[in-house]
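The sequence shown begins at 5 in the working numbering and counts up one residue at a time.
Every residue gets a Cβ at the ideal spot worked out from N, C-alpha and C, and that includes glycine.
Quantities reported herein were computed from a predicted structural model and do not represent experimental measurements.
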Amino acid sequence: MKRILVTGATGQIGSELVPVLRDKYGRENVVAAGHRRKPEDEFIDAGPYEIMDTTDAQSISALVQKYSIDTIYHLAALLSAKAEENPQLAWDINMNGLQTVLEVARHHHCTLFFPSSIGAFGPSTPPDNTPQVTIQRPNTLYGITKVAGELLCDYYFKKYDMDIRGVRFPGLISYKTLPGGGTTDYAVEIFYAAVKNEPYRCFLKEGTRLDMMYMPDAIRAVIELMEADARMLTHRNAYNITAMSFTPDQLYASIQKELPDFSMTYEVDPIRQEIADSWPHKMDDSAARAEWGWQPEYDMEAMTKEMIEKLRKEGSHVT
Ligand code: VAH
5 MKRILVTGAT GQIGSELVPV LRDKYGRENV VAAGHRRKPE DEFIDAGPYE
55 IMDTTDAQSI SALVQKYSID TIYHLAALLS AKAEENPQLA WDINMNGLQT
105 VLEVARHHHC TLFFPSSIGA FGPSTPPDNT PQVTIQRPNT LYGITKVAGE
155 LLCDYYFKKY DMDIRGVRFP GLISYKTLPG GGTTDYAVEI FYAAVKNEPY
205 RCFLKEGTRL DMMYMPDAIR AVIELMEADA RMLTHRNAYN ITAMSFTPDQ
255 LYASIQKELP DFSMTYEVDP IRQEIADSWP HKMDDSAARA EWGWQPEYDM
305 EAMTKEMIEK LRKEGSHVT
């Protein structure tokens with residue numbers, strides 16, 4: 005049975021990936037690790053939780069030995085907008101943290117998952133049907149750490165024959181955790197406002213088209229990639245995957261179909277608008293579909309319906 009360590013376990017992806025992994029592999033076989041004290045949350049209490057500094061190799065190594073870890077999902081990172089506020093800290097966490105985890109994985113023969121992002125592309129990348137292999141000159145610190153992370157993972161795979169896999173996530177939309185400093189987070193915040201029937205001020209311009217995905221599709225993609233036959237994986241560390249591509253005004257219209265009284269205005273944040281303008285509008289994810297059978301299940305309408313339903317029922321506890 006797999007013995008899994010999830011870093012960044014209390015973040016947007018981790019808080020949904022951990023319970024799914026525990027259902028699949030057993031609660032005691034999935035160790036959630038975060039940088040802060042144990043959050044009061046049912047999923048944390050449902051299995052082992054450890055405080056971890058991703059730049060401290062000794063503490064990570066000790067965790068890997070303590071729990072006989074053979075697989076690491078390394079999710080700990082600062083997202084795009086937060087990284088622009090503190091580029092030095094973001095480099096330390098996103099790059100030194102990744103390199104530290106790669107070294108621990110190398111010494112303990114662990115398989116590793118690394119999440120890249122549409123942030124790994126830049127203004128000179130073809131924005132429509134962005135190819136799997138193309139120009140990558142991001143002009144954000146976050147994007148630089150994602151490109152460098154992809155290349156570092158490729159290097160460790162080639163140099164040390166490690167089993168490392170990853171995807172380039174689009175903007176992820178979920179209801180279990182509040183957004184944490186991302187550029188695509190308008191597409192999460194908007195739902196929290198809508199279900200409270202509060203007007204929402206969108207920080208991106210109405211026509212800003214970006215790739216997006218509902219979190220259940222993202223979690224399934226991670227697990228399907230990590231369980232795929234390694235012999236099929238050509239691109240391995242940074243698969244383009246997407247589910248939908250929409251603009252704020254299209255999402256607004258989709259929500260209004262369910263909540264007609266909901267209103268949105270625009271108050272553009274120039275920093276996050278500049279970041280969003282440097283990212284693709286829609287990726288070509290044919291390599292993921294061909295090599296490991298990637299296939300999204302949620303489009304914008306289905307995601308909108310479920311986000312509203314879930315937030316009405318469960319999300320209200322998220323403060
Ligand atoms: C961000 N949600 O906005 C993250 C993600 C594709 C964007 O990396 O920074």
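From the listed residues Asp289, Ser282, Asp303, the smallest Cα separation to Arg141 is found for Ser282. Taken in chain order, the complete beta strand (DSSP E) segments of 3 or more residues contained in the segment 242–285 are 248–250, 268–270.
Any heavy atom of the ligand VAH counts here; residues with a Cβ closer than 5 Å to one of them, in chain order, are Leu83, Ser84, Ser121, Ile122, Gly123, Gly175, Gly186, Thr187, Thr188. Put simply, the backbone Cα of Asp132 is about 25 Å away from that of Gly185. Put simply, the segment 231–244 touches the segment 149–158. At least three CB pairs are less than 8 Å apart. Relative to the Cα of Thr11, the nearest Cα in the group Lys28, Gln69, Ala81 belongs to Ala81. Around the C-beta of Asp233, fewer than 16 other C-beta atoms lie within 10 Å, and the residue is accordingly described as exposed. Ranked by how close their Cα comes to the Cα of Leu156, the residues Glu271, Glu107, Arg213 have Glu107 in first place. Of the residues Leu116, Met236, Arg169, Tyr146, the one whose Cα lies closest to the Cα of Ala124 is Tyr146.
About 20 Å separates the CB atoms of Ile55 and His112; that is not less than 8 Å, and the two are not in contact. Bounds of the alpha helix (DSSP H) holding His111 are 101–111. For Gly184, no alpha helix (DSSP H) segment is defined, and its DSSP state is neither H nor E.
It is roughly 43 Å from the alpha-carbon of Glu313 to the alpha-carbon of Tyr160. Contact between Ala36 and Ala13 holds, since their C-beta atoms are separated by about 4 Å, short of 8 Å. The beta carbons of Ile223 and Leu21 sit closer together than 7 Å. Excluding sequence positions up to five before and after Trp95, its CB lies within less than 7 Å of the CB of Leu145, Thr149, all in the same chain and listed in chain order. Checking the DSSP bridge columns, you'll see Ala87 has no partner listed.
In the DSSP assignment, Leu116 forms a beta bridge with Ile76, Ile168.
When secondary structure is reduced to three states using DSSP, Ala81 falls in the coil class, being assigned neither helix nor strand.
Secondary structure at Ala50: coil, using DSSP grouped into helix, strand and coil. Taking one beta carbon from each stretch, the segment 243–259 and the segment 97–106 have fewer than 3 pairs nearer than 8 Å; the two do not touch. Judged by beta-carbon spacing, Thr246 lies beyond the 7 Å limit of Asp273, meaning their Cβ atoms are not closer than that value. In this structure, the straight-line span from the alpha carbon of Asn90 to that of Thr238 is close to 35 Å. The DSSP-derived three-state label of Ala191 is helix. Between Thr188 and Pro284 a beta carbon distance of about 12 Å is seen, past the 8 Å cut, so the two are scored as non-contacting.
DSSP places Met216 in the strand class (E or B) of the three-state scheme. Between Ala191 and Met216, the C-beta gap is smaller than 7 Å, which places the two residues in contact. Counted as a single uninterrupted DSSP element, the beta strand (DSSP E) harbouring Gly38 occupies residues 34–38. Here the alpha carbon of Gly175 sits roughly 13 Å from the alpha carbon of Met307. Judged by their CB atoms, Ile76 and Leu9 are nearer to each other than the 7 Å cut-off. By the neighbour-count criterion, in which a residue is buried when 16 or more other Cβ atoms sit within 10 angstroms of its Cβ, Leu93 is exposed.
Per the coordinates, the alpha-carbon of Phe195 lies some 38 Å from the alpha-carbon of Ser63.
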